[in-house]
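Chain order of the listed sequences is A and B. Heads up: the first sequence begins at 1 in the numbering used here, then just goes up one per residue. Heads up: the second sequence begins at 224 in the numbering used here, then just goes up one per residue. Just so you know, even glycine gets a beta-carbon here, dropped at the ideal spot from N, CA and C. Okay, so here's the structure we're looking at.
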Amino acid sequence: MSVGIVLVSHSAKLAEGLAELAAQMAPDVTIVPAGGLSDGSIGTDYDEVVAATQRADSGAGVVLLYDLGSAQMTAELAVESLADPSAAIVADGPLVEGAIAAAVAAQAGRDHKAVAEAAAAAGLPEDLEPAGTTAGGAEIELELRNEVGLHARPAAVLVRSLSEFDAEVTVRLGDQEADGHSVLGLMSLGARQGDRIRVQARGPQASAALEKAKELVDGNFGE
Amino acid sequence: MSCKSEGVAAAVRAAAAVVAEHRAELIGLDRAIGDGDHGENLNRGFTAVVAALDAGPPDTPGGVLKLVATTLISKVGGAAGPLYGTAFLRASAKLGTAADLDVPALLDALRAGLEGVQARGKAVGGDATMVDALIPAVAAAEKAAEDGGDVAAVLTAAADAADRGAESTVDLVPRKGRASYLGERAVGHMDPGARSSALLLRAFAEAAS
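In structure tokens:
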């Protein structure tokens, strides 16, 4: 049972296309597009958003993302009308990046507050820290041999797998470092096929997390 | 003087007629600085409101406003749906199940409506939105009530102030909604939401007079 996601857009095509894209990163998450008016024209349909929110809720809550101003208002109004408004959150993040980040967080089993935070954080500039700021912990070096490197799907697979361990994980490429729990952070490292990344972990399950990372990289992320 | 549910329903029907009459004007205003759908959306919403009133007129003023709110929320599709919907919903909540709309209840409803619009849209005065019509309208309504005005006088004062408020948006740089993307380029255009707010208040005032 994971948090459901509703994509509120003025355009049915935009919402449906994004749902398709996000589903690729989160196969087990219910992602419901709610775009356009019932006659196919541009706009946001309150009744459809309410229905989508109810459909997306399997009991773990729902996070709604929106494209432009009035979609936000429609989404907020829909949430206020729920029997339990606290079960749903309208996330204030960019629609596309936010939906991906939210879908991955939901797939990893995070609660609806954490999923909404992931969506909102997708709008902030990634803080890539200079390497060396994280002291201590175990570290391994891995060579990316898969075709696309740490692109969207592999990054999502890695984040999802690492979320199962009680460990803080960082990934470095050259002098840049990203949080191993952030898909967008990992993607913005720009690690490609042939690059050598250094994965560092701290915490009770640090070595298990590193082993998992090695297994994924060596297995080309299942490509 | 007070107003019963039939009177409020008649005022809402009058507002629907005014929206239909000004549909092209609102589309024109919105096309200049937004997405051009305000007149169409509002007309669709109020057409549905009239159909809902025909189907089953509520028996309290608050009930009429609640019907207006839920219909606009479901049918409008643009920003005006949740904004006007929230305004009418909050106003109806203030009126409760009272059978009469008197001046104190009208003031409560107007204030609640303005608060609803601001809570939903997060706009403040000077952002070039419907709030710029509604803030002076509520202030003028309060003043008219203090001066002993009846429902018609209070609504007329509100409508006069809303007209001036809508006019003031011509010189403002929009900071909310689709027009905000245009920035300075939107100066010189009246905000379509402020215009429609003024039109609605005028229709209510004339129906009450």
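Leu65/A does not reach chain B, its nearest Cβ partner there being about 16 Å away, counting only Cβ pairs nearer than 8 Å. Between Leu216/A and Ser161/A, the gap from beta carbon to beta carbon is short of 8 Å. Boundaries of the alpha helix (DSSP H) around Arg254/B: 246–256. The shortest CA-to-CA distance from Leu329/B to any of Ala316/B, Gln341/B, Val340/B is the one to Ala316/B.
Under the Cβ distance rule, Ala302/B counts among the residues neighbouring chain A, one pair being separated by less than 8 Å. A distance below 8 Å between beta-carbons, with the five flanking residues on each side excluded, links Lys399/B to the following residues of its chain, in chain order: Gly344, Lys345, Ala346, Asp350, Ala351, Thr352. Along the region 304–322 of chain B, going in chain order, the ones with a CB nearer than 8 Å to a CB of chain A are Gly304, Pro305, Leu306, Gly308, Thr309.
Between Gly137/A and Gln205/A, the C-beta spacing is not below 8 Å. In terms of Cα proximity to Val96/A, the closest of Arg192/A, Arg153/A, Ala108/A, Leu14/A is Leu14/A. For Asp47/A, the chain B residues whose C-beta falls within less than 8 Å of its own C-beta are Ser297, listed in chain order.
In the DSSP assignment, the residues bridged to Arg198/A are Glu141/A, Arg172/A.
Proximity of chain A to Gly400/B at the Cβ level (cut-off 7 Å) is accounted for by Gly69, in chain order. Residue environment analysis places Arg418/B among the buried positions, since at least 16 neighbouring C-beta atoms fall within 10 angstroms of its C-beta. Within the region 61–131 of chain A, the complete alpha helix (DSSP H) segments of 4 residues or longer fall at 69–80, 95–107, 112–121, listed in chain order. Across the structure, Val159/A and Asp282/B are spaced so that their CA atoms are roughly 58 Å apart.
Excluding its 5 nearest sequence neighbours in each direction, Pro305/B has C-beta neighbours in its own chain below 6 Å: Arg343, listed in chain order. Under the DSSP assignment, Ala34/A falls in the beta strand (DSSP E) whose first and last residues are 31–35. Rounded to the nearest whole angstrom, the CA to CA distance from Val32/A to Ala155/A is 23 Å. DSSP assignment within the region 331–397 of chain B yields the following whole alpha helix (DSSP H) runs of 4 residues or more, N-terminal first: 354–369, 374–391.
When DSSP states are grouped into helix, strand and coil, Gly308/B belongs to the helix group. Annotated three-state conformation of Ser9/A is strand, per DSSP.
Looking only at Leu288/B, Asp258/B, Ala364/B, the smallest Cα-Cα distance to Lys227/B is reached by Leu288/B.
For Arg254/B, no Cβ of chain A is located within less than 8 Å of the residue's own Cβ.
Under the DSSP definition of a beta bridge, Thr44/A partners with Gly36/A. Around the C-beta of Pro85/A, fewer than 16 other C-beta atoms lie within 10 Å, and the residue is accordingly described as exposed. Closest option to Met413/B, judged by alpha-carbon separation, among Ala431/B, Glu390/B, Arg334/B: Glu390/B. Judged by their CB atoms, Gly93/A and Ala119/A are nearer to each other than the 8 Å cut-off. Listed along chain A, no residue sits closer than 9 Å to Arg425/B by beta-carbon distance, the nearest being about 25 Å off. Between Ala26/A and Gly61/A, the gap from beta carbon to beta carbon reaches 8 Å or more. When rounded, the separation of the alpha-carbon atoms in Ala271/B and Ser297/B is 9 Å. Interface annotation, Arg343/B: in contact with chain A, CB-CB separation under 8 Å. With a 10 Å radius around the Cβ and a threshold of 16 neighbouring Cβ atoms, Ser182/A comes out buried. The alpha-carbon separation between His261/B and Tyr307/B amounts to approximately 12 Å. The C-alpha of Gln107/A lies about 10 Å from the C-alpha of Val157/A. Of all residues in the region 17–51 of chain A, only Leu37, Ser41, Ile42, Gly43, Thr44, Asp45, Tyr46, Asp47 place a beta-carbon less than 8 Å from a beta-carbon of chain B.
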